[in-house]
Amino acid sequence: MRERHRETDDEIFIDSLPKVDLHSRLVFPGISRDRPAPGETDSRQPRPDAALFAALARRTARRLAAQRVRYAELSVFPIDGGYSDTQVEEMFAGLDQGRRAAERHVGVALRWTVRIPAPSGAGRTAMARHRAAAERAVELALCCGRGAVVGLELAAAAPGHPTGGAGYLAEVFAVARAAGLRSLPRVGRHGGPAAVWEAVTTLGAHRVGHGLGALADPVLVQYLRDQHIAIETCDGGGDRDGPLAAALGRGLAVCLGSAGVAGGTSSPRGAYLRAMRVAALRREEVVQLVRASIGQASLPEPARALLSAELDAAAAAWCPRLPATAPPGIAPTPVPGARGPARRCRQGAFVGGRPGYRASGS
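Numbering (UniProt numbering), first residue to last: 1 to 362.
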């Protein structure tokens with residue numbers, strides 16, 4: 001009975017907290033949730049058009065609002081989804097309609113990150129093809145994003161899969177950062193310190209997806225703390241001696257996300273409950289996770305301050321001794337500034353960056 005009462009208290013505590021989800025994805029029509037495949041379709045589904053994507057954004061926002069999520073950055077897959085150019089345009093138009101309606105009606109702010117597929121090999125041809133996909137992702141983010149695309153995400157290669165390093169993508173990510181996009185590479189759960197170092201030094205990462213492998217390198221941990229570079233994860237499992245608790249104990253900014261928004265254990269609520277019940281995080285540490293996400297979100301400072309105040313008020317009822325200010329190592333990430341120089345490409349596209357940069361297909 002006592003254990004059941006404690007579980008109920010944990011649920012009430014989690015439900016009371018305003019949340020930010022920075023590590024999630026939007027499930028598109030015709031794309032498998034776990035393994036997006038080019039051209040994958042379902043004949044029972046309607047043709048993906050703006051109305052369908054708008055409905056998807058609204059439905060996602062309602063699910064998030066039910067879990068007290070105030071802001072979310074969701075990964076979208078325009079490159080590896082097998083969509084035509086027209087469908088990509090309709091996708092972003094519909095997502096924009098849906099996220100504006102969601103903000104008005106349910107109070108959830110949605111923003112997008114454009115996903116670059118994982119590297120497919122270490123050969124020259126494979127790297128050239130992958131760079132072209134990355135350039136296309138930047139082009140779509142800047143041309144079609146309507147100001148709601150805030151980051152460029154790189155999917156992690158499978159374990160043991162040769163990639164040739166990330167050097168060939170350095171310029172692409174530099175252009176994206178100069179244009180105001182966040183650099184959000186993922187190194188995978190198998191990624192060690194070398195992969196995290198490459199993400200932050202070669203790609204200029206603002207956040208590193210699944211970067212808990214950094215804990216094996218004390219110098220890297222110190223660097224991440226000093227530069228206020230966060231680790232994203234959806235892994236709230238392990239135990240009290242696991243990497244999630246260890247990262248918090250060493251002062252890293254950790255953003256716990258859901259990896260999906262369908263509900264259940266893949267929901268933001270489920271991720272935080274799992275962190276408490278499986279990783280044995282204390283309530284103060286859960287609040288620390290939420291604060292890190294608020295600090296790393298692409299929010300205007302007034303909105304960030306309001307959300308931080310809402311969190312402080314909710315946490316005070318459960319953690320009266322918890323200070324209202326963010327602990328060391330967690331600092332608000334400035335909202336990217338105005339877009340850099342832009343030029344017109346074919347089909348009305350714009351690409352930011354230095355003169356001479358040309359995205360694939362432009």
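C-beta atoms are modelled at their ideal positions from N, C-alpha and C, and glycine is treated no differently.
Only a predicted model underlies this, so the values are computations on that prediction, with no experimental measurement involved.
By Cβ distance, which residues of its chain are closer than 8 Å to residue i, with the 5 residues on each side in sequence left out?
i	result
Gly-204	Phe-173, Ala-174, Arg-177, Ser-183
Thr-113	Glu-73, Leu-74, Ser-75, Val-76, Val-149, Val-150, Gly-151, Leu-152, Glu-153, Arg-182, Leu-184
Arg-304	Ile-294, Gly-295, Ala-297, Pro-332
Gln-49	What sits at residue 49 in the sequence shown is Asp, not Gln. Excluding sequence neighbours, Asp-49 sits near Gln-87, Glu-90, Gly-94.
Arg-124	none
Cys-319	Arg-283, Glu-284, Val-287
Tyr-223	Val-200, Ile-229
Leu-306	none
Suppose the cutoff is 6 Å on Cβ atoms and the five residues either side in sequence are ignored; what does the same chain contact list for residue i look like?
i	result
Ala-109	Tyr-71, Glu-103
Ala-101	Arg-58
Ala-195	Val-187
Ala-54	Gly-94, Gln-97, Gly-98
Arg-250	Val-221
Ser-308	Ile-294
Asp-217	Pro-193
Phe-92	Cys-144
Ala-262	Unreliable placement is indicated for Ala-262, whose pLDDT of 47 sits below 50; the coordinate value is still reported in the next sentence. Counting only Cβ-Cβ distances below 6 Å, and skipping sequence neighbours, we find nothing.
Ala-51	none
Shortest alpha-carbon distance to residue i belongs to which of the options?
i	options	result
Leu-64	Gly-257, Cys-144, Pro-300, Ala-316	Gly-257
Val-254	Ala-314, Phe-77, His-206, Ala-179	His-206
Asp-96	Leu-56, Ala-245, Pro-117, Arg-124	Leu-56
Gly-82	Gly-107, Pro-117, Val-106	Pro-117
Gln-227	Val-219, Thr-233, Leu-244	Val-219
Gly-180	Val-208, Val-200, Gly-147	Gly-147
His-210	Glu-139, Ala-247, Tyr-223	Ala-247
Ser-266	Thr-8, Pro-193, Asp-21	Asp-21
Pro-159	Leu-224, Ala-134, Leu-142, Gly-192	Gly-192
Ala-230	Val-138, Asp-217, Arg-240, Val-208	Val-208
Val-290	His-23, Tyr-223, Glu-139	His-23
Ala-317	Ser-16, Thr-8, Gly-145	Ser-16
Cys-234	Ala-51, Arg-189, Asp-9	Arg-189
Cys-144	Glu-90, His-161, Thr-125, Ala-155	Glu-90
Glu-232	Ala-155, Ala-51, Cys-319, Ala-141	Ala-155
Could you name the residues of the same chain whose beta carbon sits closer than 7 Å to that of residue i, not counting the 5 residues immediately before and after it, in chain order?
i	result
Thr-202	Ala-166, Gly-167, Ala-170
Thr-163	Pro-119, Ala-122, Ala-157
Asp-312	Ala-324
Val-106	Ala-61, Arg-62, Ala-65
Ile-14	Arg-269, Tyr-272, Leu-273
Leu-322	Glu-284, Val-287, Ala-315
Glu-243	With the sequence shown as reference, residue 243 is identified as Pro, and Glu is not the correct amino acid for it. If we look at Pro-243 and ignore the five residues flanking it on each side, its Cβ neighbours are Leu-212, Leu-215.
Ala-134	Ile-116, Leu-169, Val-172
Ala-292	Ala-230, Ala-253, Val-254, Cys-255, Ile-330
Pro-327	Residue placement at Pro-327 is poorly supported in this model, since its pLDDT is 44, which falls under 50; the coordinates are not used for a value here.
Relative to the ligand SAH, is the shortest distance from any of its heavy atoms to the C-beta of residue i smaller than 7 Å?
i	result
Leu-248	Summarising the ligand content, the structure contains no ligands, and the ligand SAH is consequently not present.
For residue i versus residue j, is the C-beta spacing smaller than 8 Å?
i	j	result
Glu-198	Pro-18	no
Arg-68	Ser-298	no
Ala-259	Leu-281	no
Ala-279	Arg-225	no
Met-276	Asp-10	yes
TODO: Please list the segments of the alpha helix (DSSP H) lying wholly inside the stretch 240-291, counting only runs of 4 or more residues, in order along the chain.
DONE: 243-249, 268-277
**Study point:** Complete runs of the beta strand (DSSP E) confined to the stretch 49-125 [at least 3 residues]
**Key:** Here the runs fully enclosed are 69-76, 109-116.
Given 8 Å, three or more beta-carbon pairs between the stretch 84-99 and the stretch 125-134: no
- Query: Could you give the uninterrupted runs of the beta strand (DSSP E) lying entirely in the stretch 134-218, keeping only those of 3 residues or more?
  - Reply: 149-154, 182-185, 207-209
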